Structures are given as C-alpha cells and as structure tokens.
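Number of protein chains: 2
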Amino acid sequence: MGKIQIVRREQPKTKPDPEKLGFGQYFTDHMLVMDYSAETGWREPEIVPYGPISLDPSAMVLHYGQEVFEGMKAYTLEDGRIALFRPDMNMKRMNQSCERLSIPPFDPETVLEGIVELVSLDRDWIPDGDDTSLYIRPFIIATEPCLGVRAAKEYKLIVILSPVGSYYPEGIHPVSIYVEDQFVRAVRGGTGAAKTSGNYAAGIKAQETAKEQGFSQVLWLDGVEKKYIEEVGSMNVFFKIGGEVVTPALSGSILAGITRDSVITMLRSWGLTVTERKISVEELFEAARKGLLEEAFGTGTAAVISPIGTMKWEQEQITIAGGNTGEYAKKLYDTITGIQKGLLEDRFGWMKEIQE
Amino acid sequence: MGKIQIVRREQPKTKPDPEKLGFGQYFTDHMLVMDYSAETGWREPEIVPYGPISLDPSAMVLHYGQEVFEGMKAYTLEDGRIALFRPDMNMKRMNQSCERLSIPPFDPETVLEGIVELVSLDRDWIPDGDDTSLYIRPFIIATEPCLGVRAAKEYKLIVILSPVGSYYPEGIHPVSIYVEDQFVRAVRGGTGAAKTSGNYAAGIKAQETAKEQGFSQVLWLDGVEKKYIEEVGSMNVFFKIGGEVVTPALSGSILAGITRDSVITMLRSWGLTVTERKISVEELFEAARKGLLEEAFGTGTAAVISPIGTMKWEQEQITIAGGNTGEYAKKLYDTITGIQKGLLEDRFGWMKEIQE
C-alpha cells in the first residue's frame, strides 16, 4: 500500500442520509484513474478527487461504444474490518471483457491494489446499516478523439465508489417477470458474455415495456431460437425443478456472473445437484404445470438473490413457490450476505480483507 | 437563420493540410449543443466553440451505452454554394434510433436548422478538393449521473464537424472481403437497425481479425442462421447477379442506409431491376461459380460506393468483375458524387442548399 499517488479532496463532501442511499446515486470523495496510450501502455494509477472528466466530443466511446465495466462491493464487517467480495474474479472478468472489445488488457494486481487503496481512503463512506455496502464500479472507456471505426489508441480506466442502501429495505421479496419474445439482449457471436455498455442499452426498451405492463423485469430468451432461457433483467437465473437446480449454461451470450458462481458452489456444498444446461421456456412452464417448479431466482451483485414469484409467457402466467421467497433463495441470500457481513464463516475464502 | 445563440471562438484554429485530412481526425471551430432534462424537455440549441465536454464519471452513456448518432456530409458545389445531402433522412433516422434506445425524440427541424447554421458559420472549413467534404456527426448521449440500469433523465445532443479527405485518393478501387462466420454484429430483436454505439463496438474484433488475415473488411451474416448476408463492415451491400441487382431486405437487424436508398432509386431510374430480399452466402457463391455474379459493392456515407473485388468464405475465394471496379459501381459513384459536387443535375431533389 501507499505506492499510489493520491491527490486528496480539500473539503470532504457531505455524506447522504444513510436511510435514502438507493443505488448508484451518491459517490464518494475520490476516484482512481489510470490512463493508456499506445505509446506508453497502461500508466500508473492515481487517486484524485471525485469529479467530472473532460472528454473530447469525438472521444471514441461516445460514438462506437468501446467500453467495459465491472460491479463489485466492499462491506464493513460486524467487527469493523473492511472486506471485498471475490474481487479477483471481477478483475479477471474485466480483462476477458477487454479481450472481446479489443481493449488492451491491464495488470489485475495493480488495479486491485488501487481499488483497495481507494476504498481504504474513502472508508468513512462505507455504510453500516443492514444489507448496505459500498458499490465499486471500475470501467474503461476509449478516449481517443477520432471518428474512425476501429480500436482506439487511448483509454481511461476509472474506479468510482457509491454507498448503496439495502436492495430489500422491507426484507427479501419475490418479483414478477415477463418472458420477452420480441426484443433480444444478445446472441452467440455477439457481446453477451462481456460486461459492456451496448448489452445494457439493448435491454432498456424491453425493461420499459415490462414495467408498463406491471412486471419488474424481463426474462431473456436466446437470440437464435427465442426458445432457451438466458438471463433475467441483468442477472443470471436459477430454477429448482423436482429437487434439482438448473441454470443456463455459459453459451457465449450469457454473462459469467460471480454471484452465479458463488451460488453454484454453495448449493453443491449443501449436497444439491446443480446442472448447467440449456433450459427452454416450454420445459420450465411444463414443469410448473406439473407442480415440479419449486423455486426460481435471479443472482447478481446488486440484489445478491432476487426470488421470482410469478412469470408470464405469452398468455400463460405461473406462480412459483406460492408467490413467496423459496426456501433455497432465502437460505442463499442469508448465507451469502452473512459471509459478506462477516457474520458467518468464510469457508470458501471469498472475502478479501483490507489491511490498514 | 440567426435565431440560434452563438458563442464564437475568439481565436480560430489553424486548419489542417488539405492533402492530409483523412477521416474524422480534425474538427472545426464550433459545435452545436442541445440539452435535455426530464423537467424541461429538449432546450434550444446553442453554438459554442469546439472543445472538451465535462461528464460526471457516472454519466450513464459511459456505463450502459444509451447513445445514437448520425453521419452526413456538406459539400462545396462547383459554383461555390454549399449544400447538404439528404439531411432530412438523417434527422428522421436519428429519431428512429432514439425510439429503439428509449431516448426522447427531438424536433428534426430545429436540429437541422442548427446544423445549417453551424455549417454556415464554419464554412471556411469545407474542403474543396476532389471528393472531399465536411463530415457532420450529430450524436446524443445519456448524461445523467446515476448507475441505475434504466433510461436516463438527462441527455446532450451534440453536432461536430470534420473536414474529410477523399476516400479514394488514388481513384475508386475494389477491396477484399472476408465472410465472418464466428462473430455476429446484430440479430433481429436487437439494435442492428438503430445507429447506436454498441453495434460498432461489437464489430471491432471481427474487423481486426479480418485485417490480420489480409482483408479490408468483413461481410456480416445474420445472427440466427449465419446464412444470410446483412452488411459489409459498416456499409449496406449490393450484388448484381445475372443482370438484376439484389440487396438484403431491411429485416430489423440492418441499418436503413441513406446511400442504400439513393442507390436503389438511381439504379431503378436507369431501368435496372433492384430487389430487396434475403440473399444467402451460398446463393452468392453459387452465382459466382456459374459466372453470374457481375458486381458487388458496399454503400455508405463515408465511401459512397465501395466495390468488392474478392470475397473469401470458408475455404473458397471468389473474384468479382475480374477484381476491378464494376460498371455500375463506377457509374453510381460518379453520378452520386457528381450530384453532391453540383456537377450533375439533382434530379431527385437530394441536395439542400445552405442560404447565406
């Protein structure tokens, strides 16, 4: 620690009301910035006061979307220590996203060290209420000022921090989902397996349509046959059918979620069979009709676990687990958030403590 | 004219060497900016000195890619007048792109009036060499500082101008193309029909792979069956087979090119049959094997017409029109650029002259 150059904010910002944090609305006092140019490669990261960045209007990210990002969290443990959840996985995935987007890879250790230093510097911003955390958003943008359609020669990696409130202020509860059969999020050979801005832009319209119809989110089907389940909103999705847990296999158009990986590991450690395979929406509804669909839930960094209470596909609507949070959804949520808060034993070595 | 508020640059920039313009590397003295917020709607456009824009690092465009853009050109006619090529089409398409990306629509007349005023103000920047022009890049970015995945409540519409050199400094010449069978640019239900950054980001890697293998560009196949031809690079594509011209129909994953539309209109005015339909790469190669594939060319704002000399698909490589520029590719290029330069009669009413 201490190797990174820090320019401190002179006057710390006023912190927001801890009861009204929401998600991604407030940002801390500092940010990490690391520049790349074809001549120098990735330079050393620096910590500077959080504030606007200056971009030429022709900066390539604003035209051709060369961008990747990550989402991870820091927690105040019950004993006051600070820890990150599986940050090495985020660094690894970010470099995989870079590969797909033709962005030069960075040294994951350097960036993770920078993130640790940044979180440590802004540690007063980590909220300590139930289920709150400090959301960490690393991202890379193509900054070269040029309108040619090609990989840029200049980039900026930035890490910003946002204190976020509980995703479930009134306790974990199930959502209603709509099976999207018009819009498509991603297709094999596309960018669906990368965490890049264009995937999210493609989904906004479907999400709005779902909301207008009274649903919280959409269930995405594959782009080729519009038959197989891929993701729910911007989360991975799991189903418990006849005692077995199934989740869509990583086909190339699905994001390899870190919570997805943690959930698979945990369920298996409890003795459940978890299968990664193709699941058609028809198979799912057929299982529901036969009374075999026991649970359904999304997984992601923001919500951790998001139980699905009802699902609508064409003219048919099904209710899952009686419209309540299923047994395993609740157990997974309690166990993962328990580990993240330092209340439960970290038996898989997922927490990276920040030494001060 | 004259209704738009103008803040002039105090010291005009030095103009670049007209022989070394390239594409999208130099920008003029001013830009047009128009802001949107959910409270006020789109405000009045303003012309200000060209310069960096200030964005919060959490500005939504940098994370979720809510962005649309356009490409159009202004020309100095032979008699010194200035004119734009079919600008109403660009404004219309930009609003269609906004619809897909959940960006609030703007008044096309207000923005076009702003563009005319901007081009008029920076008219000294319009190059007058053969096949040169002033490239106009309108774009809209989501500027709201928030990490929630949803449509933003704040946007910025910006128009920048770039003097561009001849696309063919040594005369129009054919390129070699590689049929891409791994990566996919777009799929029905996705954003392929919109002009948005994510589509271009998705294509960069394939383009790099093609270049490494000695090809200029890739021919994109449909995302579902990987069988039907969609676009070439970032252009629409045309084939002349046995005397008839065919081009992929606008299926929902293909951009409705304005040059595409102009080419169809012009070919029909010359008495040719032009059919918009599905064309499989197998049909194309079969036509080539039988000696029926007479011409192939891409169409777009930057190159106008880009003849295809050779094309490789899996292990087979075909040569088109003897590897030369085909008769109609040449005639279309000469006629469209002739109209754009005011050398030929504008019989379709495509040029919008700028009154001073």
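Chains as they are written, first to last, in this note's numbering: chain A, -10 to 345; chain B, -10 to 345.
Ideal placement from N, C-alpha and C gives every residue a C-beta, glycine not left out.
Since we're looking at a predicted model, the values are computed, not measured.
For this session: Kindly indicate which three-state DSSP category B/Ile193 falls into: helix, strand or coil?
Result: helix
Exercise. Tell me, which residues are paired with A/Tyr25 by DSSP?
Worked result: A/Trp31, A/Tyr144
Problem set entry | Per-residue DSSP class, three states only, for B/Met(-10) | Because B/Met(-10) sits at a pLDDT of 48, beneath the cut-off of 50, its placement in the model cannot be relied upon, and the point is left open.
For this session: Let me know if B/His19 comes out buried or exposed under the rule of 16 or more other beta-carbons within 10 Å of its beta-carbon.
Result: buried
For this session: State the Cα-Cα distance for the pair B/Tyr25 and B/Lys320, rounded to the nearest angstrom.
Result: 44 angstroms
Exercise. What are the boundary residues of the alpha helix (DSSP H) that includes B/Ile(-3)?
Worked result: The sequence shown places Arg at residue -3 of chain B, not Ile. Taken as a continuous stretch (DSSP letters only), B/Arg(-3) belongs to no alpha helix (DSSP H), as it is neither H nor E.
Problem set entry | Residue of A/Asp68, A/Thr180, A/Pro76 minimising C-alpha distance to A/Met61 | A/Pro76
Exercise. Whose CA, out of B/Lys194, B/Ile129, B/Ala199, lies closest to the CA of B/Ile42?
Worked result: B/Ile129
Problem set entry | B/Ala131: first and last residue of the uninterrupted beta strand (DSSP E) it sits in | 122 to 131
For this session: Between the Cα of B/Val57 and those of B/Ser269, B/Val263, B/Ala182, spot the shortest distance and give me the residue it belongs to.
Result: B/Ala182
Exercise. Do you know how far the Cα of B/Tyr167 is from the Cα of B/Lys301?
Worked result: 5 angstroms
For this session: Below 8 angstroms on the Cβ atoms is my guess for A/Arg177 versus B/Lys194; work out the distance and round it to an integer in Å.
Result: Not a contact, Cβ separation roughly 14 angstroms.
Exercise. Going along the chain, which residues of the segment 33 to 45 of chain B sit with their C-beta nearer than 9 angstroms to a C-beta in chain C?
Worked result: Protein chains in the displayed structure are A and B, and chain C is not among them.
For this session: Check the Cβ of A/Ala191 against every Cβ in chain B and list those closer than 7 angstroms, keeping chain order.
Result: Gly179, Thr180, Gly187
Problem set entry | Start-end ranges of the alpha helix (DSSP H) lying completely within the segment 266 to 302 of chain B, minimum 4 residues | 270 to 278
For this session: Could you round the C-beta distance between B/Gly287 and B/Val226 to whole angstroms and report it? I think they count as a contact, below 8 angstroms.
Result: 5 angstroms
Problem set entry | Inter-residue Cα distance where the pair is B/Lys215 and B/Gln206 | 17 angstroms
For this session: Enumerate, from N- to C-terminal direction, the unbroken beta strand (DSSP E) stretches of 3 or more residues contained entirely within the segment 163 to 242 of chain A.
Result: 164 to 168, 206 to 210, 218 to 221, 225 to 230, 233 to 237
Problem set entry | Counted within 10 angstroms of its Cβ, other Cβ atoms place A/Trp339 as buried (16 or more) or exposed | buried
For this session: Quick one: using the 10 Å Cβ neighbour count with 16 as the cut-off for buried, is A/Asp211 buried or exposed?
Result: buried
For this session: Output yes if chain A places a C-beta closer than 9 angstroms to the C-beta of B/Arg266; else output no.
Result: no
Exercise. Candidates B/Ser151, B/Gly187, B/Ile161, B/Gly192: which alpha carbon is nearest B/Val169's?
Worked result: According to the sequence provided, residue 169 of chain B is Glu. The question's Val does not apply to it. B/Glu169 has its Cα closest to that of B/Gly192, out of B/Ser151, B/Gly187, B/Ile161, B/Gly192.
Exercise. In whole angstroms, what is the alpha-carbon distance linking B/Ala131 and A/Lys200?
Worked result: 20 angstroms
For this session: Spatial neighbours of A/Val213 within its chain, please: CB distance less than 8 angstroms, with the 5 preceding and 5 following residues excluded, ordered by chain position.
Result: Val176, Arg177
Exercise. So, are the CB atoms of B/Ala140 and B/Ser91 less than 9 angstroms apart?
Worked result: yes
For this session: Assign A/Lys279 to one of two classes, buried (16 or more other C-beta atoms within 10 Å of its C-beta) or exposed (fewer than that).
Result: exposed
Exercise. Comparing alpha-carbon positions, which option in A/Tyr124, A/Val270, A/Gly118 lies nearest A/Val105?
Worked result: A/Tyr124
Exercise. Can A/Arg126 and A/Ile149 be called in contact, C-beta distance under 9 angstroms?
Worked result: yes
Exercise. Using a threshold of 8 angstroms, is the CB atom of A/Arg112 nearer than that to any non-hydrogen atom of the ligand SAH?
Worked result: Questions concerning the ligand SAH fall outside what the structure shown contains, since it holds no ligand whatsoever.
Exercise. So with Cβ pairs under 9 angstroms, would you call A/Met(-10) a contact of chain B?
Worked result: Reliability of the predicted coordinates at A/Met(-10) is poor, the pLDDT of 48 falling under 50, and the value obtained from them is presented with this limitation in mind. Judged by the 9 angstroms Cβ criterion, A/Met(-10) is not in contact with chain B.
Exercise. Per DSSP, B/Ala72 forms a beta bridge with which residues?
Worked result: B/Tyr64, B/Glu342
For this session: Grab the span of the beta strand (DSSP E) containing A/Glu305 for me, first residue to last.
Result: 305 to 308
Exercise. Buried or exposed: which applies to A/Glu283, given that a residue is buried once 16 or more other Cβ atoms fall within 10 Å of its Cβ?
Worked result: buried
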